[in-house]
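Asker:
2 protein chains.
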Amino acid sequence: MAAQTVASTTESTVDLGPAAALSCRECGHRVPLGPVFACEECFGPLEIAYDFSAYDTEELRKRIEAGPANIWRYAPLLPVPADVATKPNINPGWTQLVKADNLARELGVDAGKLFIKDDSGNPTHSFKDRVVAQALEAARAFGFTTLSCSSTGNLAGAVGAAAARAGFRSCVFIPHDLEQGKVVMAAIYGGELVGIEGNYDDVNRFCSELIGDPAGEGWGFVNVNLRPYYAEGSKTLAYEICEQLGWQLPDQLVVPIASGSQLTKIDKGLQELIKLGLVEDKPYKIFGAQAEGCSPVSVAFKAGHDVVRPQKPNTIAKSLAIGNPADGPYVLDIARRTGGAVEDVTDEQVVDAIKVLARTEGIFAETAGGVTVGVTRKLIENGVLDPTKTTVVLNTGDGLKTLDAVAGTGLTATIRPNLDSFREAGLA
Amino acid sequence: MAAQTVASTTESTVDLGPAAALSCRECGHRVPLGPVFACEECFGPLEIAYDFSAYDTEELRKRIEAGPANIWRYAPLLPVPADVATKPNINPGWTQLVKADNLARELGVDAGKLFIKDDSGNPTHSFKDRVVAQALEAARAFGFTTLSCSSTGNLAGAVGAAAARAGFRSCVFIPHDLEQGKVVMAAIYGGELVGIEGNYDDVNRFCSELIGDPAGEGWGFVNVNLRPYYAEGSKTLAYEICEQLGWQLPDQLVVPIASGSQLTKIDKGLQELIKLGLVEDKPYKIFGAQAEGCSPVSVAFKAGHDVVRPQKPNTIAKSLAIGNPADGPYVLDIARRTGGAVEDVTDEQVVDAIKVLARTEGIFAETAGGVTVGVTRKLIENGVLDPTKTTVVLNTGDGLKTLDAVAGTGLTATIRPNLDSFREAGLA
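In order, the protein sequence lines correspond to chains C and F.
In terms of the UniProt record's numbering, the first sequence opens at residue 1 and continues consecutively.
In terms of the UniProt record's numbering, the second sequence opens at residue 1 and continues consecutively.
1. What are the boundary residues of the beta strand (DSSP E) that residue 430 of chain F is part of?
2. Quick one: does Asp83 of chain F have its CB under 8 Å from some CB of chain C?
3. Is the CB of Val203 of chain F under 8 Å away from at least one CB in chain C?
4. At what residue ranges does the segment 149 to 200 of chain C contain a whole run of the alpha helix (DSSP H), taking only runs of 4 or more?
5. Using alpha carbons as the reference points, say which of F:Ala291, F:Val406, F:Ala321 lies closest to Thr376 of chain F.
6. Taking its Cβ as the centre, do 16 or more other Cβ atoms sit within 10 Å of Val307 of chain C, making it buried, or is it exposed?
7. What are the residues of the segment 227 to 247 of chain F that lie near chain C, defined by any Cβ-Cβ distance shorter than 8 Å?
8. At a Cβ threshold of 8 Å, is Trp94 of chain F touching chain C?
9. For Gly288 of chain F, which option in F:Leu278, F:Asp267, F:Gly67, F:Leu276 has the closest C-alpha, if you only look at C-alpha atoms?
10. Please list, in chain order, the chain F residues whose beta carbon lies closer than 8 Å to that of Lys355 of chain C.
11. Going straight from the alpha carbon of Tyr230 of chain C to that of Ile48 of chain C, what length do you get?
12. Between Thr255 of chain C and chain F, is any beta-carbon pair separated by less than 8 Å?
13. Could you work out which residue in F:Thr360, F:Ala405, F:Arg416 is closest to Ile90 of chain C when comparing CA atoms only?
14. For chain F, check one thing: does any of its Cβ atoms lie closer than 8 Å to the Cβ of Gln180 of chain C?
15. With 9 Å as the C-beta to C-beta threshold (strictly closer), list the residues of the segment 194 to 221 of chain C near chain F in chain order.
16. Kindly say whether Cys27 of chain C, judged by its beta-carbon, lies nearer than 8 Å to any beta-carbon of chain F.
17. Alpha carbon to alpha carbon, how far is Gly160 of chain C from Ser151 of chain C?
18. Mind checking whether residue 431 of chain F and Val172 of chain F have CB atoms under 8 Å apart?
19. Roughly how many angstroms lie between the CA atoms of Glu272 of chain C and Val31 of chain C, to the nearest whole one?
20. For Lys182 of chain F and Arg205 of chain F, what's the separation of their Cα atoms in angstroms?
21. Could you tell me which residues DSSP pairs with Cys294 of chain F in its beta bridges?
22. I want to verify the contact list: residues of chain F whose CB lies under 7 Å from the CB of Asp420 of chain C, in sequence order.
23. Between Ala187 of chain F and Leu411 of chain C, how many whole angstroms is the CB-CB distance? I'm expecting something under 8 Å.
24. Can the beta-carbon of Ala133 of chain C be found less than 8 Å from the beta-carbon of Leu147 of chain C?
25. May I ask you to list, following chain order, the residues of the segment 103 to 114 of chain F that have a beta carbon less than 7 Å from some beta carbon of chain C?
26. Could you work out which residue in C:Leu33, C:Leu155, C:Ser298, C:Gly195 is closest to Val222 of chain C when comparing CA atoms only?
27. Taking only three categories from DSSP, how would you classify Asn395 of chain F?
28. Using 8 Å as the limit for Cβ to Cβ distance, is Ile415 of chain C near chain F?
29. Report the partner residues of Ala231 of chain C according to the DSSP bridge assignment.
30. Apart from the five residues on each side of it in sequence, which residues of its chain come closer than 6 Å, Cβ to Cβ, to Ala365 of chain F?
31. Give me the DSSP bridge partner(s) of Phe37 of chain C.
32. Taking 8 Å as the cut-off, decide whether the C-beta atoms of Lys117 of chain F and Leu237 of chain F are in contact.
33. Quick check: is the beta carbon of Pro250 of chain C nearer than 8 Å to any beta carbon in chain F?
34. Would you mind listing the beta strand (DSSP E) stretches within the segment 202 to 229 of chain C that are 3+ residues and don't spill past its ends, in chain order?
35. Given Ala82 of chain C, which residues of its chain have a CB within under 7 Å of its CB, disregarding the five upstream and five downstream residues?
36. According to DSSP, simplified to helix, strand and coil, what is Val109 of chain F?
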């Protein structure tokens, strides 16, 4: 039995389960739970500090296993009240961990050793449902009535859907000239969908302005003032992977990098499971994956730098196209500490990897999934990733949302409706 | 303890678990399990006859509850071998049963009484994954090496994905002039995707020709020569709904009608659960839902007919657009026997219902989901469906696949990136 104890130096009045306080990742300064995201002392990012001291390992394991087939089975490890599963939310998670033996053969990985964690099975078909579901519970705890975000795609849909289910107003800001398909996917949930005349940076700047203004009062911006809660949703990927492997750590994980938050929270989740005794402690390596057209973390990793130099994104992997990733330095730290790496692939390799994954495993991934599979292949070819070890590759989104990337895919033959034509085409 | 016993008059040599034989729905003639779909005596449809005689109710319930979070938890009730979960398949099912209190308020249903069974959470985001997964196991048992079908959409993707995962060749036939998006969704899995110069009827006719030809040897057409196995997949919707309701029958179900097969198999599944003692026997009503532009069963129901007069489909609900539904008469029978009804709604009502469901519950449904929600509303308004009783409405597909139907949905406002513009737009 092991448990993580956090000495409580502050008091929080909201009930967010085991979440005890917010703690600065840089200086350790603690503040009560609230809708804040930056340290008042050093401007470092705040994250959740937990009190897990009351848990008995085997009781906790049983409680989790008896829980619902969604992220709320891990409620004891998340900043949510104990009765979270009874509240209206979109209940993402417990997505398939697919044993990918066909892909393993293709990539030269040992049989039974390669897995795809397929988050396209979430309610709005991306991992964003996990983080938005957390932000929603925080918004509820803080008495917010509007859920908001800036977005260029997946996040807008996840926020719109979660707000609708929970009876919140939603108001989502996007660049005004997004493709019509993406607009429909976000607008269908009936919240306010506001086009901003400008690019994504303009949208973000406007949102920061709105948070500081009385007009933004009562608004929870999932990835700004609710970010510490929101980000914790990515821990559930680590929990699920380990439980689905039979309460074991994988040896290697390949995780996409946008802001880098997901990768850092997966590491946090794995560390928690070790400290709680739910998995046996052993080394694991975390590999970060980027597209070449937006690879600031990969470039920094290869150059041996501790800081990340911003880039102007130019890649089809739009859900990863954050040129100035907030958690970049932490990603570098984790990749180096665990013996992993950060690598990138070209857009052409992304498209090829999407097709390989679909052809071998029947999984149609978003471009971000093409990035992780493509990077996995490259890391194996370069001898960086060990093909004899248990490896989990994340697919964080759905190919239906990035059809443009594979628009060239088409019919293998066109025939007349008779057997002669069928034979002529060489299909028999 | 109760169990359904089927006297075995034939012997089958393949291991498909409790499936004992094929039995003609019309004349009861029995033949061994094989890739056949029509009775040699009367040309009636063949369906699976089971031997459930060995089951103890409470042992069976425990076995199911301890099973995986997909349809294979019900392996003891399906035509699949006992070790099915260990074989490569896409493992659909155990999708969310969403308590839809917001929609209930909107439709005037009592709180806690309305549920959406949301099958958009399946691997390729439609209920077709359930039936294709069954067909795949039958194809494996019969030694087929190619999985095939005719399709205009959802089915093509489901077959392509399942074949890829299981290492089968796939060859799917579609009309050559389908929209590019649908072609991509089917082609991405890397199987043969053959465009037929002609309409969907021509495609179907060609497939029937191919089955009778040596060129089609070793081919499993999921919805033709594997149809008896394929169709059983819809039973899992009934099983899941009852288990998710705490092993209780719902009072009312609203089910879409394409061929009518799904509705008849849901009824079959409910009857099995009653006979096995897994749920308490009580009356339930099944309601069928069609789009007005393809409403042959609804028209027949209202006219009091026993047979269904074919229609030429003209509706946006393309996944339901079967003008000559094979199981139409059986649907009429079930609706009448259970005290249900069959109703239809206009395309405008379908679009409105899609928006209502998205706005109230955060579920973005395919047009077929708009049909069931729209019909539910109409049946309540007409006093046919009881708003005080537990009602389950099926959403069988995903809105991302029918974006065209709601293409008009868009931005609620466009503003400049500053607070003044935000206030002018009345958003504060």
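Here a beta-carbon is modelled for each residue, glycine too, at the ideal position from N, C-alpha and C.
Remember, predicted model here, so these are calculated numbers, not experimental data.
Answerer: On the basis of the supplied data:
1. The structure shown does not extend to residue 430 of chain F, since chain F spans only 1 to 428, so no value can be given for it.
2. Start at 1 with the first residue of the second sequence, and residue 83 of chain F comes out as number 83. Taking 8 Å as the threshold, the shortest C-beta distance from Asp83 of chain F to chain C does not fall below it.
3. Working through the second sequence from its first residue, we reach residue 203 of chain F at position 203. The beta-carbon of Val203 of chain F is placed less than 8 Å from the nearest beta-carbon of chain C.
4. Correct list: 154 to 166, 180 to 187.
5. Sequence index remark: in the second sequence, residue 376 of chain F carries index 376 (1-based). Taking each of F:Ala291, F:Val406, F:Ala321 in turn and checking the Cα distance to Thr376 of chain F, the smallest one comes out for F:Ala291.
6. Numbered from its first residue, the first sequence carries residue 307 of chain C at position 307. By the 10 Å Cβ count, Val307 of chain C comes out exposed.
7. With the criterion set as a beta carbon lying under 8 Å from some beta carbon of chain C, the segment 227 to 247 of chain F has no members that meet it.
8. Numbered from 1 along the second sequence, position 94 holds the residue referred to as residue 94 of chain F. Yes, Trp94 of chain F counts as interfacial toward chain C.
9. Taking the first residue of the second sequence as position 1, residue 288 of chain F is located at position 288. The shortest Cα separation from Gly288 of chain F among F:Leu278, F:Asp267, F:Gly67, F:Leu276 belongs to F:Asp267.
10. Numbered from 1 along the first sequence, position 355 holds the residue referred to as residue 355 of chain C. Residues of chain F passing the Cβ test: Ile188, Gly190.
11. In the first sequence, residue 230 of chain C corresponds to position 230, counting from 1. In the first sequence, residue 48 of chain C corresponds to position 48, counting from 1. Those two C-alpha atoms are separated by around 10 Å.
12. Translated into the one-based positions of the first sequence, residue 255 of chain C becomes position 255. Correcting the residue identity first, residue 255 of chain C is Val in this sequence and not Thr. With 8 Å as the cut-off, Val255 of chain C does not count as an interface residue toward chain F.
13. By 1-based counting over the first sequence, the position of residue 90 of chain C is 90. Looking at the Cα atoms, F:Thr360 is the closest of the given residues.
14. Within the first sequence, residue 180 of chain C is the residue found at index 180, counting from 1. Closer than 8 Å to the CB of Gln180 of chain C there is at least one CB belonging to chain F.
15. Result list: Val194, Gly195, Ile196, Glu197, Gly198, Asp202, Val203, Arg205, Phe206, Glu209, Leu210, Asp213, Pro214, Ala215, Gly216.
16. Taking the first residue of the first sequence as position 1, residue 27 of chain C is located at position 27. Cys27 of chain C does not count as touching chain F.
17. In the first sequence, counting from the first residue as 1, residue 160 of chain C sits at position 160. In the first sequence, counting from the first residue as 1, residue 151 of chain C sits at position 151. Rounded to the nearest angstrom, the two C-alpha atoms are 11 Å apart.
18. Since the first residue of chain F shown is 1 and the last is 428, residue 431 of chain F is not available in this structure.
19. Counting from 1 along the first sequence, the entry for residue 272 of chain C is found at position 272. Counting from 1 along the first sequence, the entry for residue 31 of chain C is found at position 31. Cα to Cα, Glu272 of chain C sits roughly 21 Å from Val31 of chain C.
20. The count along the second sequence starts at 1 and reaches residue 182 of chain F at position 182. The count along the second sequence starts at 1 and reaches residue 205 of chain F at position 205. The straight-line gap from Cα to Cα measures roughly 21 Å.
21. Within the second sequence, residue 294 of chain F is the residue found at index 294, counting from 1. DSSP output for Cys294 of chain F lists F:Ala291 as bridge partner(s).
22. Position 420 of the first sequence, counted from the first residue, corresponds to residue 420 of chain C. Under a criterion of Cβ atoms nearer than 7 Å, no residue of chain F is adjacent to Asp420 of chain C; the nearest Cβ is some 10 Å distant.
23. Position 187 of the second sequence, counted from the first residue, corresponds to residue 187 of chain F. Position 411 of the first sequence, counted from the first residue, corresponds to residue 411 of chain C. Sure, about 7 Å apart at Cβ, within 8 Å.
24. Along the first sequence, one-based indexing puts residue 133 of chain C at 133. Along the first sequence, one-based indexing puts residue 147 of chain C at 147. No, they are not a contact pair.
25. With the criterion set as a beta carbon lying under 7 Å from some beta carbon of chain C, the segment 103 to 114 of chain F has no members that meet it.
26. Counted from its first residue, the first sequence places residue 222 of chain C at position 222. Minimum Cα distance to Val222 of chain C is reached at C:Leu155.
27. Start at 1 with the first residue of the second sequence, and residue 395 of chain F comes out as number 395. In the structure shown, Asn395 of chain F sits in a strand (DSSP, three-state: E or B).
28. Taking the first sequence and counting its residues from 1, one reaches residue 415 of chain C at position 415. Residue-level contact by beta carbon holds for Ile415 of chain C and chain F, with a gap shorter than 8 Å.
29. Position 231 of the first sequence, counted from the start, is the residue given in the question as residue 231 of chain C. Under DSSP, no beta-bridge partner is assigned to Ala231 of chain C.
30. Counted from its first residue, the second sequence places residue 365 of chain F at position 365. The answer, listed in chain order, is Ile354, Leu357, Asn395, Gly399.
31. Here residue 37 of chain C refers to the residue found at position 37 of the first sequence. Answer by DSSP bridge pairing: none, since Phe37 of chain C is not bridged.
32. Walking along the second sequence from the start, residue 117 of chain F turns up at place 117. Walking along the second sequence from the start, residue 237 of chain F turns up at place 237. In contact: Lys117 of chain F and Leu237 of chain F (Cβ atoms closer than 8 Å).
33. Taking the first residue of the first sequence as 1, we reach residue 250 of chain C at position 250. At least 8 Å separates the CB of Pro250 of chain C from every CB of chain F.
34. Listed in chain order, the complete beta strand (DSSP E) runs (minimum 3 residues) inside the segment 202 to 229 of chain C are 219 to 221.
35. Stepping through the first sequence from its first residue, residue 82 of chain C is reached at position 82. Gly17, Ala75.
36. Counting from one through the second sequence, the residue named residue 109 of chain F turns up at place 109. Collapsing the DSSP output to three states places Val109 of chain F in coil.
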